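Letter by letter, the sequence shown follows residues 1 to 158 of UniProt numbering. Okay, so here's the structure we're looking at.
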Amino acid sequence: MTNDSRPKDELLPSYSCTVHKVGICHAKIEVDSLGAKPWRRPWRHIFMELRGTFLQIYEIKTFKPLYLPTFPADYQQTFKWIPLINLSLSQLEAVVADDYKKRSNVFRIIDSSLRLLIQVQTMAEMHSWMEKLSAGKLEIKVKVRYDSFLFSKVKIFL
């Protein structure tokens with residue numbers, strides 16, 4: 001079969017990223033990639049960005065450049081974003097950390113390589129993150145089905 005035999009009115013559905021969320025929160029490594037608890041596990045001030053099927057986590061470092069007497073010190077604080085980790089949502093699981101009692105509004109991100117505790121400001125924000133992480137995981141399944149649909153259409157016309 002050739003490409004000319006395809007109906008002209010047949011349109012394939014378009015695909016675009018529909019899941020996006022950003023936020024500032026705190027994170028603690030519970031279990032590292034070796035499966036052991038790290039010796040030092042402080043809570044870190046982080047910036048999380050969920051874009052489609054990937055979760056990117058950055059550590060926020062504050063530093064003060066040279067002090068200028070014309071501005072108050074608070075205005076001179078700048079932030080530096082240090083990339084920590086990029087996680088694919090394909091093997092990721094987000095669950096409420098009911099067993100963690102030291103802080104409130106904490107959920108757990110479980111990946112094949114590590115486990116993180118994430119603390120956000122409110123319970124509504126915690127549920128919003130968990131919902132978006134679940135939606136991103138569903139988007140992976142939709143994309144796989146869409147790609148296989150495209151491949152089957154291409155295979156027919158080859």
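No residue lacks a Cβ here, since even glycine has one placed at the ideal position from N, Cα and C. Computed from a predicted structure; not experimentally measured.
Under the three-state reduction of DSSP, which class applies to ALA124: helix, strand or coil?
If DSSP states are grouped into helix, strand and coil, ALA124 belongs with the helices.
State yes or no: is the C-beta of GLN119 within less than 9 Å of the C-beta of LEU87?
no
With respect to the beta strand (DSSP E) encompassing LEU50, which residues constitute its N-terminal and C-terminal limits?
44-51
Which same chain residues, not among the five before or five after GLU93, have their C-beta less than 7 Å away from its C-beta?
Sequence-distant partners of GLU93 (beyond 5 residues in either direction) whose C-beta falls short of 7 Å from its own C-beta, in its chain, are ILE110.
Chain-order list of residues whose beta-carbon lies under 6 Å from that of VAL95 (same chain, five-residue window excluded):
ARG108
What did DSSP end up calling GLY136 once you bin it into helix, strand or coil?
Correct three-state label for GLY136: helix.
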